[in-house]
Each structure stands twice: as C-alpha cells, then as structure tokens.
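Notes to accompany the following structure.
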Amino acid sequence: MARLKIGVLISGRGSNLQALIDAAADPGYPAEIVIVISNRADAPGLGRAAAAGIRHITIPEPGRAAFARAANRALCEARVELVALAGFMRILDTVFVEQWTDRMVNIHPSLLPAFPGLHPQRQALAAGVKFSGCTVHFVRAAVDTGPIISQAIVPVEAGDDEDGLSARILAAEHRLYPLAVRLYAEGRLHIEGNRVRVTGATMPDIVVLNPAERLASPSG
Ligand code: GAR
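Here you go:
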C-alpha cells in the first residue's frame, strides 16, 4: 500500500507532530511523514522528528513570501501530498495557501469558528462557554478559517484555568489529528462549499449537558 506523503510544519513543542509520528508508526496507517519544517531553529519538535528518523529542516526566513517559496520548494522536492500545520504559529503567504488549497490542514484548540487566533483557551474562559474543544480544518487565507473536517468537544470545568483547559484540549487534539489525516488519506473527505462530507462516518449518538443533569451534592 502506498502511503500518503505528509509534510508537517511546526513552530514549537511538537506534541501534535508526535501524535502523527506515533500514528504513522503503525504500518497500517495510510500516511507517513516525509519532512518536518520549522520556522524556528530552537523548536523542540525538531528533536521529535530527529528521534523518529524523519527528515527535518529549519527555514528561519523572516519574510513571509520568502519563507513560503522555500517551504514550497522543500515540500515539492519531498513529493508531499498533504501539508499538516501542527502548532505552526506564522501567518502563511496567500500564494502558498492557494498552492496547497484542499491539500493543507490545520489543528486549532477551539471549536471554530469560535475563538480563532491567539490564546483560544483564554478566550473560551473569558467568554464563559461550558464547552470548548479542538478543530481540524482545511486551510484558507484568513487565519483559522476553512472547511471543518472534524471537531472534539471538551467540557469547561468549574474553576478551570488556562493551563488545565489547554491540557485537556491537547489530549483531545492528539486523538483528533491522526483521525482527520487518516480520513484524508483514505479519500473519505469531500469538500462541498464550506462543508466537508465524510464518507462512512458515524455520528456519535450523544447529547452532553454541562453541568450534567445529575449534580454532585453541594457538600461534595
Ligand atoms: C496546539 O494546541 C495547537 O492546536 C495550537 O498550538 C498548539 C501547538 O502545540 N495551534 C494553534 O493555535 C494554531 N492556530 P504542539 O506544538 O505541542 O502541537
């Protein structure tokens, strides 16, 4: 089975990259990471690529268009078929976004279109929502927009702070991203305007209330 060739763009920690590396370690997973590109030489995620024996490069180019040209060249040379942004914290050049339209995905730690941009978990807490989560979507020119592939919901707990909520959302990200990439690699995503139809998907048969109907007694 030929596996889909993925290029992963990172800027930092790389825990979502690690989730994709771990998924692809299974020979039955339909995608493999052929190159990791960082815009920062000190990104810890580069060490994860090195440990997994994956080719990795840094493009420290500050100019948006120059970065995009260099990244596009590296991705094409590696015969990448899908670009996965995994904590890539730079705005991409619009030419690059067009070059990779419908072949580039991103993960964001909120239920988009709510809370795009920076500090989405802080934004969720400030808005007082009872659920947040994460989203994998095809990338369009405006930041954190594009047809949504999959989402995971994470309840906001009473007394949550940014770190606690971020950690629980991150755990969901690590499950959601490999799933979305697998669906893409299996050819099961069909973009229809702003919606993505997923063939063979089953909808979870649940409604979740927060707070739950059965409340703990005030005394605990
Ligand atoms: C993740 O939470 C990811 O969703 C977020 O940055 C973090 C990167 O962590 N991305 C964005 O906010 C993009 N708008 P990681 O480097 O450990 O994967």
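Okay, so the sequence shown: first residue is 288 according to the working numbering, each after it adds one. Glycine included, every Cβ here is placed at the ideal spot set by N, Cα and C. Predicted model only: the values in this text are computed from it and were never measured.
In terms of residues, what are the limits of the alpha helix (DSSP H) holding residue 354? Its alpha helix (DSSP H) spans residues 351-364.
So what's residue 479 in DSSP terms, helix, strand or just coil? The three-state secondary structure of residue 479, taken from DSSP, is strand.
Under 9 Å between the Cβ atoms of residue 425 and residue 443? Annotated as distal: residue 425 and residue 443, with beta-carbon spacing of 9 Å or more.
Suppose contacts are defined by Cβ-Cβ distances below 9 Å. Is residue 339 in contact with residue 294 by that definition? No, they are not a contact pair.
Residue(s) in a DSSP beta bridge with residue 419: When beta bridges are read from the DSSP output, residue 419 appears opposite 441.
Rounded C-alpha distance that separates residue 481 from residue 505: Take the alpha-carbon of residue 481 and the one of residue 505: they are about 45 Å apart.
For residue 307, does the three-state DSSP call read helix, strand or coil? Three-state result, residue 307: helix.
Which term fits residue 489, buried or exposed, when burial requires 16 or more other beta carbons within 10 angstroms of its beta carbon? Residue environment analysis places residue 489 among the exposed positions, since fewer than 16 neighbouring C-beta atoms fall within 10 angstroms of its C-beta.
Would you list the one or two residues that DSSP bridges to residue 343? Checking the DSSP bridge columns, you'll see residue 343 partnered with 323.
Rounded to whole angstroms, what is the Cα-Cα separation between residue 437 and residue 355? When only Cα atoms are considered, residue 437 and residue 355 end up about 27 Å apart.
Contact check, residue 322 vs residue 344, beta carbons under 9 Å: Against a cut-off of 9 Å, the Cβ pair of residue 344 and residue 322 comes out as a contact.
Cβ-Cβ distance between residue 307 and residue 373 below 9 Å: Yes; because the gap between Cβ atoms is below 9 Å, this pair is in contact.
Spell out the partners DSSP gives residue 391 in its beta bridges. In the DSSP assignment, residue 391 is bridged to 370.
From the DSSP output, read off the bridge partner residues of residue 435. For residue 435, which the question treats as bridged, DSSP gives the partners 424, 482.
In the structure shown, what three-state DSSP assignment does residue 295 receive? Strand.
Start and end of the alpha helix (DSSP H) containing residue 334? Residues 332-338.
Whose C-beta lies closer than 8 Å to the C-beta of residue 384 among residues of the same chain, with five residues either side of it excluded? Correct list, in chain order: 391, 426, 427, 428.
Sequence-distant residues of its chain with Cβ nearer than 6 Å to residue 376 (five each side left out): 298, listed in sequence order.
Rounded straight-line distance, which links the Cα of residue 446 to that of residue 503: Distance between the alpha carbons of residue 503 and residue 446 is about 15 Å.
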